[in-house]
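Everything below concerns the one structure shown next.
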Amino acid sequence: MIIGIPKSSADAEQRVLALPENVAKLTQQGMNITIESGLGASLSIADQAYIDAGATVASSVEKLLADADIVVRIQPPTVDQVKQLKPHSIHVSMLNPFTDDELIEAFNARQVTAVSLEMIPRITRAQKMDVLSSQASLAGYAAVILAAQQVDKIFPMMMTPAGTISPCRVFVLGAGVAGLQAIATAKRLGARVDAFDVRPDTKEQVESLGAKFLEIDLGETGQTAGGYANALSEEQKQLQIDGQTKIIAQSDIVIATAQAMGGLKPAPRLITQAMLSAMKPGAVAVDLAIESGGNIEGAVADQLVEIDQVKVLALSNFPAQFADSASQMLASNIFHFLSEFWDQEAQSFALKLDDEILQSAVITHQGETVSAVVTA
360 MIIGIPKSSA DAEQRVLALP ENVAKLTQQG MNITIESGLG ASLSIADQAY
410 IDAGATVASS VEKLLADADI VVRIQPPTVD QVKQLKPHSI HVSMLNPFTD
460 DELIEAFNAR QVTAVSLEMI PRITRAQKMD VLSSQASLAG YAAVILAAQQ
510 VDKIFPMMMT PAGTISPCRV FVLGAGVAGL QAIATAKRLG ARVDAFDVRP
560 DTKEQVESLG AKFLEIDLGE TGQTAGGYAN ALSEEQKQLQ IDGQTKIIAQ
610 SDIVIATAQA MGGLKPAPRL ITQAMLSAMK PGAVAVDLAI ESGGNIEGAV
660 ADQLVEIDQV KVLALSNFPA QFADSASQML ASNIFHFLSE FWDQEAQSFA
710 LKLDDEILQS AVITHQGETV SAVVTA
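Numbering (this note's numbering), first residue to last: 360 to 735.
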């Protein structure tokens with residue numbers, strides 16, 4: 360059984376899905392790993408490092424896709440790339456399964472079992488393979504570091520002979536993995552941090568990091584079985600907007616991380632241009648949800664724009680700003696996913712469709728869309 364790992368075809372993708380040390384561990388379990396030449400080039404990793412780890416280098420990406428029994432990549436493939444896959448093979452990657460019907464149809468036409476990394480459930484057993492959480496943590500960190508480069512003041516309070524400099528005020532919207540990392544990073548840099556999440560039980564986590572939790576009474580909210588915040592009603596969204604307007608106006612930096620189902624559904628629009636206009640000149644707003652539509656009105660993907668003297672930054676791939684660290688986490692996630700279902704005795708990938716992880720993550724199988732969530 361051949362496991363093929365092509366390099367990313369996305370121009371802005373600097374992350375690497377497999378590192379030589381992880382490849383060595385996989386080959387030690389008996390997996391035959393084939394990579395595309397240049398897989399690690401963005402991190403200055405030569406092909407020879409993979410060869411030394413036990414992998415082979417394909418003569419072309421077309422041959423890799425045609426020969427591999429399992430193909431693993433970061434970003435979704437194109438429809439043309441799906442057409443090059445071996446029929447009845449397994450494809451593992453991010454997939455955006457709710458928004459790309461044409462891609463799902465292509466998998467079915469090719470009889471390919473498509474596994475969506477975003478759909479790996481948030482259960483204890485799957486934590487080590489949860490790519491959304493590992494990358495969201497880095498995104499939260501990156502958001503603070505990039506905001507610090509744009510804002511015109513320092514983060515910590517500083518007492519000097521010339522007087523006292525007040526700490527930078529940071530407001531974090533959303534206390535999921537990205538939000539909590541943003542809070543922790545801003546606090547380490549010395550900022551005064553406030554935060555809000557629609558899930559009241561996140562208050563303790565926010566306060567444990569030294570931030571102040573903004574109290575807004577939205578009525579009944581709660582979260583899904585997967586740990587994501589339930590969608591708000593239009594009335595609740597307005598209550599949230601009203602409740603956070605004052606603190607946004609007082610903040611030097613606003614970091615918006617609110618996602619719907621981990622970014623698989625459209626993000627809620629929670630910061631209006633009127634709210635941006637009320638911020639201090641030179642303030643910074645960062646939108647971590649731009650890939651799924653964005654939290655901030657006027658934010659533009661992969662651009663730094665200015666709205667009424669407020670800098671608004673939105674990148675499609677925040678973790679790629681720290682590609683080395685992001686790659687270490689991704690490569691570990693993939694190693695654990697493949698190892699979890701590798702049958703060493705049979706020397707094959709055990710596609711156990713009754714397993715709770717694969718039940719959630721497998722989108723197509725034998726020409727049919729089998730994900731109950733996607734077909735609902």
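We put the CB at the ideal spot given by N, CA and C, even for glycine.
Asked, Found
"Straight-line Cα distance separating L672 from A507", "12 angstroms"
"Limits of the unbroken beta strand (DSSP E) element including F530", "528-532"
"Buried versus exposed, by CB contacts within 10 Å (16 or more), D646", "buried"
"V533 classed as buried or exposed, judged by whether at least 16 other C-beta atoms fall within 10 angstroms", "According to the sequence as given, residue 533 is Gly; it is not Val. Buried, by the Cβ-count rule."
"Short Cβ contact (9 angstroms threshold) for I655 with I693", "no"
"Backbone CA spacing between E593 and W701 [nearest angstrom]", "46 angstroms"
"Identity of the residue in T604, F466, A617 nearest V721 by Cα", "F466"
"In chain order, each beta strand (DSSP E) run of at least 3 residues that lies wholly inside the segment 684-716", "none"
"Beta strand (DSSP E) runs wholly inside the segment 436-522, at least 3 long, in chain order", "449-452, 472-475, 517-519"
"Selection from L454, L423, D661, P559 that minimises the alpha carbon distance to K445", "L423"
"Residue ranges of each beta strand (DSSP E) within the segment 590-644, 3 or longer", "612-615"
"Simplified DSSP state of R547, which is helix, strand or coil", "helix"
"Alpha-carbon to alpha-carbon, Q618 and A537", "10 angstroms"
"The segment 682-689 contacting the segment 366-374, beta-carbon criterion three pairs below 8 angstroms", "yes"
"Nearest-angstrom Cβ-Cβ length linking S651 and K670, presumed shorter than 8 angstroms", "Incorrect: roughly 22 angstroms between the Cβ atoms, too far for contact."
"Helix, strand or coil at D560 [DSSP, three-state]", "helix"
"Inter-stretch contact (C-beta, 8 angstroms, three-pair minimum) for the segment 452-470 and the segment 719-735", "yes"
"Best match in T415, T616, V430 for proximity to G499 [C-alpha to C-alpha]", "T616"
"DSSP state of K422 mapped onto helix, strand, coil", "helix"
"Residue from D426, I524, S448, G389 whose Cα sits closest to the Cα of S698", "G389"
"Where V729 sits in the DSSP three-state scheme", "coil"
"Residue range of the beta strand (DSSP E) that includes L663", "662-666"
"Cutoff 6 angstroms; reference V503; Cβ partners in own chain excluding five residues on either side", "A541, T544, A545"
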